[in-house]
Amino acid sequence: MACLSYQTAGLSSSTTTRAVLAPMCHRRNRASTVVVGASSRKRGLRRLNAVAETAAMEAVELKKGIAELYDESSGLWENIWGDHMHHGYYDPDADVSVSIPDHRAAQIRMIDEVLRFAGISEEPPTRIPKNLVDVGCGIGGSSRYLASKYGANAKGITLSPVQAERANALAAAQGLANQASFQVADALDQPFPDGEFDLVWSMESGEHMPDKAKFVNELVRVAAPGATIIIVTWCHRDLGASEKTLKPDEKSLLDRICNSFYLPAWCSTADYLKLLESHSLEDIKAEDWSPYVAPFWPAVIRSALTWKGFTSLLLTGIKTIKGALVMPLMIQGFKKDLIKYSVITCRKPE
Numbered sequence: 013m014a015c016l017s018y019q020t021a022g023l024s025s026s027t028t029t030r031a032v033l034a035p036m037c038h039r040r041n042r043a044s045t046v047v048v049g050a051s052s053r054k055r056g057l058r059r060l061n062a063v064a065e066t067a068a069m070e071a072v073e074l075k076k077g078i079a080e081l082y083d084e085s086s087g088l089w090e091n092i093w094g095d096h097m098h099h100g101y102y103d104p105d106a107d108v109s110v111s112i113p114d115h116r117a118a119q120i121r122m123i124d125e126v127l128r129f130a131g132i133s134e135e136p137p138t139r140i141p142k143n144l145v146d147v148g149c150g151i152g153g154s155s156r157y158l159a160s161k162y163g164a165n166a167k168g169i170t171l172s173p174v175q176a177e178r179a180n181a182l183a184a185a186q187g188l189a190n191q192a193s194f195q196v197a198d199a200l201d202q203p204f205p206d207g208e209f210d211l212v213w214s215m216e217s218g219e220h221m222p223d224k225a226k227f228v229n230e231l232v233r234v235a236a237p238g239a240t241i242i243i244v245t246w247c248h249r250d251l252g253a254s255e256k257t258l259k260p261d262e263k264s265l266l267d268r269i270c271n272s273f274y275l276p277a278w279c280s281t282a283d284y285l286k287l288l289e290s291h292s293l294e295d296i297k298a299e300d301w302s303p304y305v306a307p308f309w310p311a312v313i314r315s316a317l318t319w320k321g322f323t324s325l326l327l328t329g330i331k332t333i334k335g336a337l338v339m340p341l342m343i344q345g346f347k348k349d350l351i352k353y354s355v356i357t358c359r360k361p362e
């Protein structure tokens with residue numbers, strides 16, 4: 013799996029030292045060996061602690077970078093694209109040289125198509141969600157749409173204080189303050205009790221998670237028995253049977269994208285499926301929707317080249333500008349069949 017992992021170091025040397033020296037030593041030498049072994053263990057523990065401290069620092073910096081990126085860019089995105097901070101859904105052969113309102117409609121269609129794929133409808137006997145969580149909620153577009161659609165109560169979490177504040181303001185303005193609420197929280201340590209939600213929704217946030225296993229664990233933990241879990245996320249292609257890793261040029265392309273979008277290591281759709289299977293979840297399925305979203309990136313780039321888009325971009329900040337400049341690399345990844353727009357759904361057993 014291409015998710016972050018950490019390796020232990022330095023513990024085998026003391027074991028080897030004791031095995032070789034013990035038969036050769038007198039009692040005094042055995043005491044020295046014990047001291048050497050203890051010293052080696054201490055060095056190993058120090059190295060482990062250093063690795064853990066580095067990982068913790070990297071996690072803090074990653075969270076800070078993600079929060080600042082969305083603090084900077086959310087206003088620009090809303091100004092051009094509205095309050096749905098995700099891709100649109102298009103017919104592969106359709107003419108996509110359309111207006112911004114048409115692209116916004118495609119974003120709404122994305123939500124409805126994901127719900128359809130997950131088997132959630134407004135018709136009996138489908139169980140309509142009444143309590144849902146939006147993990148990585150942006151400015152709350154999906155949450156408010158779902159709350160209105162189903163008459164549900166929605167809670168959203170984001171690392172960005174700017175996003176949380178704006179999401180709550182929009183909920184109040186749309187008369188949904190009693191149904192939708194938003195807060196700053198970590199998706200890997202959600203502030204909710206076990207089994208609270210009958211719909212767990214994550215739209216284009218999984219790619220920011222440094223620990224995919226912990227991410228999935230939290231999604232499963234907060235899901236109620238019988239709940240639907242939906243993950244829509246960027247993944248890299250599945251590896252072939254004889255492959256152990258991506259090709260060097262593929263890694264290089266993903267690294268360049270990661271550096272601008274504050275993404276940790278990527279994983280494949282197959283990796284996600286293995287994680288979900290490890291929880292004995294039911295009705296697990298996934299599809300690659302890359303052909304249905306491919307027109308969206310060129311549309312975003314075209315919007316940035318308008319006078320409104322260009323001047324707005326210059327006023328945001330360096331993080332947003334770096335993200336805009338890397339958009340052609342996303343298109344390149346799609347064309348190379350490296351980057352996949354994965355829609356993954358499952359159900360928690362009753």
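Numbering (this note's numbering), first residue to last: 13 to 362. Virtual Cβ for every residue (Gly too), placed ideally from N, Cα, C.
Residues bridged to residue i (per DSSP)
{"i": "Gly168", "result": "Asp146, Phe194"}
{"i": "Ala359", "result": "This sequence places Arg at residue 359; Ala is not what is there. Answer is Thr240, Glu294, bridged to Arg359."}
{"i": "Asp283", "result": "According to DSSP, Asp283 bridges with nothing at all."}
{"i": "Leu211", "result": "Leu144, Thr240"}
{"i": "Trp246", "result": "Tyr353"}
{"i": "Glu299", "result": "Val355"}
{"i": "Ala235", "result": "Phe209"}
Close-in-space but distant-in-sequence residues of the same chain around residue i (CB under 8 Å, 5 per side omitted)
{"i": "Asp261", "result": "none"}
{"i": "Glu289", "result": "Ile296"}
Inter-residue CB distance, residue i and residue j (contact presumed, cutoff 8 Å)
{"i": "Tyr101", "j": "Val305", "result": "7 Å"}
{"i": "Tyr148", "j": "Ser217", "result": "According to the sequence provided, residue 148 is Gly. The question's Tyr does not apply to it. Indeed, because the Cβ distance is near 2 Å, the residues count as touching under 8 Å."}
{"i": "Ser155", "j": "Ala197", "result": "Contact flag wrong, Cβ pair sits at about 14 Å."}
{"i": "Asp83", "j": "Pro173", "result": "7 Å"}
{"i": "Trp301", "j": "Tyr353", "result": "5 Å"}
{"i": "Asn271", "j": "Asp210", "result": "With 8 Å as the limit, Asn271 and Asp210 do not qualify as a contact, their Cβ atoms being about 38 Å apart."}
{"i": "Ile151", "j": "Met97", "result": "7 Å"}
Own chain residues within Cβ distance below 7 Å of residue i, not counting five before or after
{"i": "Ala342", "result": "The displayed chain sequence assigns Met, not Ala, to residue 342. Answer for Met342: Ile269, Trp309, Ile351, listed in chain order."}
{"i": "Ile123", "result": "Ser154, Tyr157"}
{"i": "Leu200", "result": "Met221, Asp223, Lys226, Phe227, Glu230"}
{"i": "Met36", "result": "Residue placement at Met36 is poorly supported in this model, since its pLDDT is 34, which falls under 50; the coordinates are not used for a value here."}
{"i": "Asp349", "result": "Arg249"}
{"i": "Lys259", "result": "none"}
{"i": "Gln9", "result": "Since the displayed the chain opens at 13 and closes at 362, residue 9 lies outside it and no answer follows."}
Residues near residue i in its chain [Cβ-Cβ closer than 6 Å; skip 5 each side]
{"i": "Ile241", "result": "Val212, Leu231, Ala235, Cys358"}
{"i": "Ala311", "result": "His115"}
{"i": "Ala365", "result": "With the chain represented from 13 up to 362, any question about residue 365 goes unanswered, as that position is not in the structure."}
{"i": "Gly207", "result": "Ala236"}
{"i": "Arg121", "result": "Tyr101"}
{"i": "Ile356", "result": "Ile243, Tyr284, Ala298"}
{"i": "Ala282", "result": "Asp250"}
{"i": "Gly238", "result": "Glu362"}
beta-carbon residue i near the ligand COA non-hydrogen atom, thresh 7 Å
{"i": "Leu287", "result": "As presented, the structure is devoid of all ligands, the ligand COA included, so that no description of it is given."}
Under 8 Å: do the region 171-181 and the region 109-122 share three or more Cβ pairs, one atom per stretch? no
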